[in-house]
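**Q**
Residue numbers (UniProt numbering): 1 to 467.
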């Protein structure tokens, strides 16, 4: 049986401002109505497989859980990394979890942020690789190149072995002349970062070549605990784990590496230009999303989240509008977007970390206005959900219900608020909001005081991540 292992980590820098560190691209709908994580899970439908196992950052746990819930997908566990340690440790955690009860499934290792346009070709390549993986080989999938790409690493194929090829060499990202040589030879594939191998075989090879990574992961799993669907690692043990990719740690070392070609319209969507390439275009070569008007505009990617975006007489541009940021870039220079993100981080700007609208297990909150001693937000609370019981030392709050019914805890009192009713939460009063109804609850929250930041919060009773 195949156990899909979906790696859902990411820094959220290459597609800024659409993606942020707390909301990276795998959780965004980019190439379809589904998010990239949901697309990854959906393309498994053509395979005989068990429920997937997911690996993500602690900060993204509720995003992953919610997107699974939206698709009615049960998981074989969501492993939470306290911090990213690259792909070799992530896969080791999954392999150790997979074999703990005496099982030894085939691990199909996938990234949550790839686009694959031809699902049937993807399924066919995986099925081709199964026989080799069952025989103890470590299979990677090589993407049949369509152009001399300089942004990907490459795999050189060796002699044929069954339906696969021996891996002759892994090579780093080439310059353009070298990439042209690779393309013309027909012997090289793009390195997809997707794998299929027996869980025990990966553990064996990791023990042989990187026992330090394996021992750190074993310690982290030994001290782990289950929390609902989440598997929480021993943080200190995992922090001691080296940061290493699976290519360097195992695949470039083992003598049992095979490559199976895949020609499935694959992209890692590593930039807005890559996203433009895989998206449906109009007659002028433009990709537009949202409220967009164009005139004499060609070969551009234009995304509007909140406002009308209009362009006149431009070519080869990327224009991205979100509620709190606008990006305008030459489509050939979008790899440098990460420099903007680095500058934002260096200046302590929140735009690098999260969107204006922030998602929580119970709903979301969206900033409306902010001043010296006030902060106004729009809160949405899902039916049956509630925030953490909490208090603040430096601010008071006014809540106005604009849709739905709210159950309010305010100090020792608990009461209901209907539409157009309001309440006052004094400084230092324990409080929470709950939605007892069957429709979304909408409130306007007005904070007032001499300190209004998010860290002025004391959680008295944990519920999810609180507010």
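For every residue, glycine included, the Cβ atom is placed at its ideal position computed from N, Cα and C. Model, not experiment: these values are computed from the prediction.
Distance check for residue 16 and residue 354, CA to CA, integer angstroms please.
**A** When rounded, the distance between both Cα atoms is 10 Å.
**Q** Does the separation of the CB atoms of residue 95 and residue 78 fall below 9 Å?
**A** Against a cut-off of 9 Å, the Cβ pair of residue 78 and residue 95 comes out as no contact.
**Q** For my contact list, residue 31 and residue 273 are in at a C-beta cut-off of 8 Å; report their separation, rounded to the angstrom.
**A** Residue 31 to residue 273, Cβ: 14 Å. No contact.
**Q** Our contact map puts residue 238 next to residue 82 with C-beta atoms below 8 Å; I'd like the distance itself, whole angstroms only.
**A** Indeed, because the Cβ distance is near 6 Å, the residues count as touching under 8 Å.
**Q** Given this structure, state the Cα-to-Cα distance separating residue 370 from residue 376, to the nearest angstrom.
**A** Answer to the nearest angstrom: the Cα atoms are 6 Å apart.
**Q** Suppose the cutoff is 6 Å on Cβ atoms and the five residues either side in sequence are ignored; what does the same chain contact list for residue 201 look like?
**A** Taken in chain order, the residues that qualify are 136.
**Q** What is the DSSP secondary structure of residue 314, counted as helix, strand or coil?
**A** Residue state, collapsed to three classes: coil.
**Q** Count the other CB atoms, across all protein chains shown, that sit within 10 Å of the CB of residue 39; report buried if there are 16 or more and exposed otherwise.
**A** It is buried - the Cβ of residue 39 has at least 16 other Cβ atoms within 10 Å.
**Q** In terms of residues, what are the limits of the beta strand (DSSP E) holding residue 4?
**A** 2-7 is the span of the beta strand (DSSP E), which, as asked, contains residue 4.
**Q** Return the chain-ordered list of same chain residues with a C-beta closer than 7 Å to the C-beta of residue 75, the five sequence neighbours on each side being excluded.
**A** Cβ within range, chain order: 51, 52, 53, 54, 68 and 229.
**Q** Going straight from the alpha carbon of residue 167 to that of residue 327, what length do you get?
**A** Approximately 41 Å between the Cα atoms of the pair.
**Q** Check for me: the beta strand (DSSP E) holding residue 109 runs from which residue to which?
**A** From DSSP, the beta strand (DSSP E) with residue 109 extends over 106-111.
**Q** For residue 334, which residues of its own chain have a beta-carbon under 7 Å away from its beta-carbon, when the five flanking residues on both sides are left out?
**A** The residues are 271, 272, 273 and 318.
**Q** Within 8 Å, do at least three Cβ pairs link the region 390-403 to the region 417-427?
**A** Because the criterion of three Cβ pairs below 8 Å is met, the region 417-427 and the region 390-403 touch.
**Q** Comparing alpha-carbon positions, which option in 198, 316 and 27 lies nearest residue 102?
**A** Cα-wise, what sits closest to residue 102 is 198.
**Q** Under the assumption that residue 196 contacts residue 108 (Cβ atoms under 8 Å), give the Cβ distance between them as a whole number of angstroms.
**A** About 5 Å separates the two Cβ atoms, so the contact holds.
**Q** Specify, as a first and last residue, the run of the beta strand (DSSP E) that residue 235 falls within.
**A** Unbroken run through residue 235 is the alpha helix (DSSP H), 235-239; no beta strand (DSSP E).
**Q** Check residue 137 in the structure and name its three-state DSSP category.
**A** Residue 137: coil per DSSP, three-state reduction.
**Q** Give the straight-line distance between the Cα atoms of residue 3 and residue 420, rounded to the nearest whole angstrom.
**A** Cα-Cα distance, rounded: 51 Å.
**Q** Specify, as a first and last residue, the run of the beta strand (DSSP E) that residue 410 falls within.
**A** Residue 410 -> beta strand (DSSP E) spans 406-410.
**Q** Give the range of the beta strand (DSSP E) segment to which residue 190 is assigned.
**A** Where residue 190 is concerned, the enclosing beta strand (DSSP E) stretches over 188-198.
**Q** Quick one: is residue 386 buried, meaning 16 or more other Cβ sit within 10 Å of its Cβ, or exposed?
**A** It is buried - the Cβ of residue 386 has at least 16 other Cβ atoms within 10 Å.
**Q** To the nearest angstrom, how far is it from the Cα of residue 378 to the Cα of residue 392?
**A** Using only the alpha carbons, I get a separation of about 19 Å.
**Q** For residue 59, which residues from the same chain have a beta carbon less than 7 Å from its beta carbon, with the 5 sequence-adjacent residues on both sides left out?
**A** Cβ neighbours of residue 59 beyond the five flanking positions: 22.
**Q** Based on Cα-Cα distance, which residue from 127, 28 and 345 lies nearest to residue 490?
**A** Beyond the ends of the chain as shown, which are 1 and 467, falls residue 490; an answer cannot be given.
**Q** For residue 56, which residues does DSSP report across the bridge?
**A** In the DSSP output, where bridge partners are listed per residue, residue 56 has 80.
**Q** Measure the CB-CB distance between residue 232 and residue 63 and report whether it falls below 9 Å.
**A** No; because the gap between Cβ atoms is not below 9 Å, this pair is not in contact.
**Q** In this structure, does DSSP put residue 152 in helix, strand or coil?
**A** Note: residue 152 maps to coil in three-state DSSP.
**Q** In angstroms, rounded to a whole number, what distance separates the CA positions of residue 329 and residue 289?
**A** Going from the Cα of residue 329 to the Cα of residue 289 covers about 17 Å.
**Q** Can you list, in chain order, the stretches of the beta strand (DSSP E) that have 3 or more residues and sit fully within the region 424-449?
**A** Within the region 424-449, the complete beta strand (DSSP E) runs of at least 3 residues are 431-434 and 441-449.
**Q** Taking C-alpha atoms, which residue in 162, 177, 154 and 180 lies nearest to residue 169?
**A** Of the listed residues, the one whose Cα sits closest to residue 169 is 154.
**Q** Can you grab the Cα-Cα spacing for the pair residue 250 / residue 88, in whole Å?
**A** Residue 250 and residue 88: Cα-Cα distance of roughly 8 Å.
**Q** What does the alpha-carbon distance come out to for the pair residue 105 and residue 129?
**A** Looking at the two C-alpha atoms, the distance is approximately 14 Å.
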